[in-house]
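One structure is given below, encoded as structure tokens.
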Amino acid sequence: MSFLQYKTHIEEGDLVIAYITRENMMPLIVNPTMTYNNKFGTFKHSDMVGKEYGSKISSHNGRGFMYLLHPTPELWTHVVPHRTQILYIADISFITTYLDLKPGSIVLESGTGSGSFSHSLTRTIAPNGHLYTFEYHEERAKAAKQDFERHGLADLITIECRDVYKSGFEITDTVHAVFLDLPAPWDAIASAKRAFKQRRIGKICCFSPCIEQVQRTCASLNENGFVEIKMFECLIRNQEVHTIPIYTVKDAVSKIKAQQEKKRKRREQDGEKDHTTKSQHKQEPPNLSVSKTPTEARGHTSYLTFATFLPILDDE
Ligand SMILES: C[S@@+](CC[C@H](N)C(=O)[O-])C[C@H]1O[C@@H](n2cnc3c(N)ncnc32)[C@H](O)[C@@H]1O
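Going by the UniProt record's numbering, the first residue of the sequence shown is number 1, and it counts up by one from there.
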């Protein structure tokens, strides 16, 4: 099975993303001798074999159900075991666009981390692009390599376990774009510069959670001759849906009048209940769903610093 091509039917050994709710999904490698248990009951893997991707299956006690989804990079980002902090959809799509990634792009990445970004990026550059990704933590590099192989991405990705601050990338005149998600990207920028195809424009992005890191990154990009240095912060703003009653103008006017009258009587009668006012509003108005954005947009993951590599001209 591959993240790059859809297949219709589930076979033994395939990866299925079990969709229980929007917030609750589980990656399962189908093994007919296994069962998957959750609070909705027991699901036998053997029931999944031969089903179409997208099917709904019921639990054995009939109390619940789930959908069997074909894996995609977006779903993988939801379920990937977090061996590190990972990139999420909003940043991933923004970076992919601003790095100008497309089928055939050759890209350099470090660190690989949990491989969340690597999965999306590889789908974008397929079928003839290539990703060179570097991770210095041995276990993470091994786990990411295994994921790439299982997910049919291995031909498009070269992963290497290496400390890129100490040893650099040792890639020259090869890539169209560079993505650095490292604690100190400035220590890798000079080496990344040599990796760019030297006779064409290239794009770099550095992903850093703190503004002090952005400052040092900008200084290093500047010193290394990168241009068009820009920084963005990508925030997700949720919409909250509420139900409000719909009043006609007449209803609204009489409601305001009733409230004013109520206040007046309260003042006059010093606490006595006003039955007249209440009886005027026995009928509840119909409801309308509206949405609004919260005043505060939370969800900062990192700042995205982009810059352009300028090609070396013939007379240089
Ligand atoms: C935040 S994670 C990257 C997450 C990744 N972008 C994702 O979406 O899953 C940063 C990774 O950089 C790796 N790293 C840190 N310093 C490094 C270095 N000098 N050379 C190579 N990798 C390094 C860390 O081990 C870590 O796995």
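For glycine and all other residues, C-beta sits at the position ideal for the given N, C-alpha and C.
Please name the residue, chosen from the options, that lies closest to residue i on a Cα-to-Cα basis.
{"i": "Phe306", "options": "Pro245, Glu212 and Ala177", "result": "Ala177"}
{"i": "Ala126", "options": "Tyr136, Leu153 and Phe232", "result": "Leu153"}
{"i": "Lys102", "options": "Tyr88, Arg83 and His130", "result": "His130"}
{"i": "Met25", "options": "Ile106, Pro32, Glu11 and Pro71", "result": "Pro71"}
{"i": "Cys210", "options": "Ala90, Phe232, Leu310 and Lys44", "result": "Phe232"}
{"i": "Gly111", "options": "Arg123, Pro27 and Ala144", "result": "Ala144"}
{"i": "Ile95", "options": "Glu109, Cys218 and Leu310", "result": "Glu109"}
{"i": "Pro311", "options": "Glu23, Phe226 and Arg199", "result": "Arg199"}
{"i": "Leu28", "options": "Ala90, Lys39 and Glu12", "result": "Glu12"}
{"i": "Leu15", "options": "Arg22, Pro73 and Glu23", "result": "Pro73"}
{"i": "Asp173", "options": "Phe309, Glu23 and Ser2", "result": "Phe309"}
{"i": "Tyr6", "options": "Gly115, His151 and Ser118", "result": "His151"}
{"i": "Pro245", "options": "Lys255, Ile171 and Arg194", "result": "Lys255"}
{"i": "Leu87", "options": "Ile20, Lys56 and Leu182", "result": "Leu182"}
{"i": "Asn224", "options": "Trp186, Ala258, Gln213 and Val253", "result": "Trp186"}
{"i": "Glu284", "options": "Leu304, Arg267 and Ala252", "result": "Ala252"}
{"i": "residue 319", "options": "Ser220, Ile57, Glu212 and Glu228", "result": "No statement about residue 319 is possible, as the shown extent of the chain runs from 1 to 316 and does not include it."}
{"i": "Leu4", "options": "Ile57, Thr124 and Leu180", "result": "Thr124"}
{"i": "Phe179", "options": "Tyr132, Tyr136, Asn31 and Met1", "result": "Tyr132"}
{"i": "Ser220", "options": "Ile236, Ala184, Gly168 and Ile20", "result": "Ala184"}
{"i": "Ile171", "options": "Gly113, Phe226, Asn128 and Val107", "result": "Val107"}
{"i": "Gly113", "options": "Lys44, Met34, Met1 and Ile159", "result": "Ile159"}
{"i": "Phe65", "options": "Ser105, Ile20, Ile89 and Gln259", "result": "Ile20"}
{"i": "Lys193", "options": "Glu212, Gln213 and Asn222", "result": "Asn222"}
{"i": "Ser120", "options": "Glu212, Arg140 and Thr77", "result": "Thr77"}
Rounded to the nearest angstrom, what separates residue i and residue j at their Cα positions?
{"i": "Thr8", "j": "Thr301", "result": "36 angstroms"}
{"i": "Lys166", "j": "Glu138", "result": "16 angstroms"}
{"i": "Arg83", "j": "Ala18", "result": "21 angstroms"}
{"i": "Gly50", "j": "Ile10", "result": "5 angstroms"}
{"i": "Leu288", "j": "Thr243", "result": "5 angstroms"}
{"i": "Tyr36", "j": "Asp47", "result": "11 angstroms"}
{"i": "Ile201", "j": "Gly41", "result": "55 angstroms"}
{"i": "Cys206", "j": "Gln239", "result": "29 angstroms"}
{"i": "Asp163", "j": "Ala190", "result": "14 angstroms"}
{"i": "residue 339", "j": "Gln215", "result": "Nothing can be reported for residue 339: it is not among the residues displayed for the chain, which extend from 1 to 316."}
{"i": "Glu149", "j": "Phe134", "result": "16 angstroms"}
{"i": "Leu68", "j": "His60", "result": "16 angstroms"}
{"i": "residue 319", "j": "Ser208", "result": "Not covered by the structure: residue 319. The range shown for the chain is 1 to 316."}
{"i": "Asp274", "j": "Lys262", "result": "Residue confidence is low: Asp274 scores 49 on pLDDT, short of 50, so the model does not pin down where it sits. Its coordinate-derived value is still stated next. Approximately 7 angstroms between the Cα atoms of the pair."}
{"i": "Ile92", "j": "Val79", "result": "16 angstroms"}
{"i": "Thr122", "j": "Val175", "result": "14 angstroms"}
{"i": "Cys218", "j": "Leu156", "result": "31 angstroms"}
{"i": "Tyr247", "j": "Arg22", "result": "34 angstroms"}
{"i": "Phe196", "j": "Ser291", "result": "46 angstroms"}
{"i": "Arg267", "j": "Lys250", "result": "26 angstroms"}
{"i": "Thr293", "j": "Cys234", "result": "16 angstroms"}
{"i": "Cys161", "j": "Lys142", "result": "8 angstroms"}
{"i": "Leu75", "j": "Asp147", "result": "14 angstroms"}
{"i": "Lys56", "j": "Lys257", "result": "54 angstroms"}
{"i": "Val30", "j": "Asn38", "result": "16 angstroms"}
{"i": "Tyr98", "j": "Gly168", "result": "24 angstroms"}
{"i": "Gly104", "j": "Tyr136", "result": "26 angstroms"}
Can you name the start and end residues of the beta strand (DSSP E) that residue i belongs to?
{"i": "Asn287", "result": "Asn287 to Lys292"}
{"i": "Ala177", "result": "Ala177 to Leu180"}
{"i": "Ala154", "result": "Where Ala154 is concerned, there is no enclosing beta strand (DSSP E), given that its DSSP letter is neither H nor E."}
{"i": "Gly50", "result": "First-last for Gly50: undefined, no H or E at that position."}
{"i": "Ala18", "result": "Leu15 to Thr21"}
{"i": "Met66", "result": "Phe65 to Leu69"}
{"i": "Cys205", "result": "Gly202 to Ser208"}
{"i": "Phe232", "result": "Val227 to Glu233"}
{"i": "Glu240", "result": "Glu240 to Pro245"}
{"i": "Pro183", "result": "Pro183 -> no beta strand (DSSP E), and no H or E assigned at all."}
{"i": "Thr35", "result": "Thr35 to Asn38"}
{"i": "Phe3", "result": "Segment: none, Phe3 is in no beta strand (DSSP E) and carries neither H nor E."}
{"i": "Ser58", "result": "Lys56 to Ser58"}
{"i": "Pro27", "result": "Asn24 to Ile29"}
{"i": "Thr308", "result": "Tyr303 to Phe309"}
Locate the alpha helix (DSSP H) running through residue i, then write down its first and last residues.
{"i": "Thr77", "result": "Pro73 to Val79"}
{"i": "Glu170", "result": "Note, Glu170: premise wrong, no alpha helix (DSSP H); not H, not E."}
{"i": "Glu212", "result": "Ile211 to Glu223"}
{"i": "Ala195", "result": "Ile189 to Ala195"}
{"i": "Ala252", "result": "Val249 to Gln269"}
Jot down the residue ranges of each uninterrupted beta strand (DSSP E) in the stretch 77–149, minimum 3 residues, whole runs only, in chain order. You should have 106–110 and 130–135.
Fill in: Contact shell at 6 angstroms, judged by CB to any heavy atom of ligand 1, ordered along the chain
Thr84, Gln85, Ile86, Leu87, Ser110, Gly111, Gly113, Ser114, Gly115, Ser116, Phe117, Phe134, Glu135, Tyr136, His137, Arg140, Asp163, Val164, Tyr165, Asp181, Leu182 and Pro183
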